[in-house]
Amino acid sequence: MVAKADGAVSESTRPATAGERTLPEVDDTEALGRELAAQLQAGDLVILDGPLGAGKTAMTRGIAAGLGVIGRVSSPTFIIAREHRAALPGRPGLIHVDAYRLGGLDELDALDLDTDLADSVIVVEWGGGVAERLVERHLLVRLRREPESEVRSAAWEWVEH
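In structure tokens, the structure reads:
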């Protein structure tokens, strides 16, 4: 992967708009997140799907690093949403949402995420079936963990609706 001084990934090394990858280590999950961040801009929604321990927060840490946002990324399970400002002017911030405890669309609407889309990338863990309606197109990342192993895998695709 070739990174530019500003943290962006050169066009020739960006991951395909859809793909699959085996992720043997947590660092591999974070590295894929950094690569996927090269495709993202303010207004984009990323939905992370997968069971507990599949690497959703590790993927978000990688996306945050790739976007170059401020602050430590950790699971927002108990606060539901955490905002990370952009480190550089003109770059998007990151809104990290854990939809696991949300009761449905009304509670998602209460977060007012559609107003954050103008300046940020929104990453929603456990957001499948709830968050898609915020945008016309989103990046869906399905994460899986092999039984009895630390090896994970990811499949990603842009979904139009």
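For the sequence shown, the UniProt record's numbering gives the first residue as 1, with consecutive numbering after it.
Yeah, the Cβ is synthetic: ideal placement off N, Cα and C, and Gly gets one too.
Predicted model, so just to flag it, every value in this text is computed and none were measured.
Could you round the C-beta distance between GLY62 and GLU83 to whole angstroms and report it? I think they count as a contact, below 8 angstroms.
-> Not quite, the Cβ-Cβ distance comes to about 18 angstroms (not below 8 angstroms), so this is no contact.
Beta-carbon separation of LEU143 and ALA54 under 9 angstroms?
-> yes
Under the three-state reduction of DSSP, which class applies to ILE95: helix, strand or coil?
-> strand
Report the partner residues of SER153 according to the DSSP bridge assignment.
-> Under the DSSP definition of a beta bridge, SER153 partners with THR22 and ARG144.
Just the C-alpha distance for HIS161 and LEU88, rounded to the nearest angstrom, thanks.
-> 32 angstroms
According to DSSP, is ALA64 helix, strand or coil?
-> helix
Enumerate in chain order the residues of its own chain whose CB-to-CB distance from SER120 is below 7 angstroms, with the five nearest sequence positions on each side excluded.
-> ALA42, PRO92, GLY93, LEU94 and ILE95
Cα-Cα separation between VAL97 and GLY128, rounded to whole angstroms | 12 angstroms
Going by alpha carbons, who is nearest to ALA38 out of ALA65, LEU52 and PRO24?
-> ALA65
What is the DSSP secondary structure of GLY7, counted as helix, strand or coil?
-> Confidence is the limiting factor: at GLY7 the pLDDT is only 48, short of 50, which leaves the residue's position unreliable, though a coordinate-based value still follows. Reduced to three states, the DSSP call for GLY7 is coil.
Kindly list the residues whose CB is nearer than 6 angstroms to the CB of ARG34, restricted to its own chain and excluding five residues on each side of it in sequence; keep chain order.
-> GLY62, ALA65 and GLY66
As assigned by DSSP and simplified to three states, the class of LEU88 = coil
Strand pairing of ARG137, partner residues [DSSP] = GLU160
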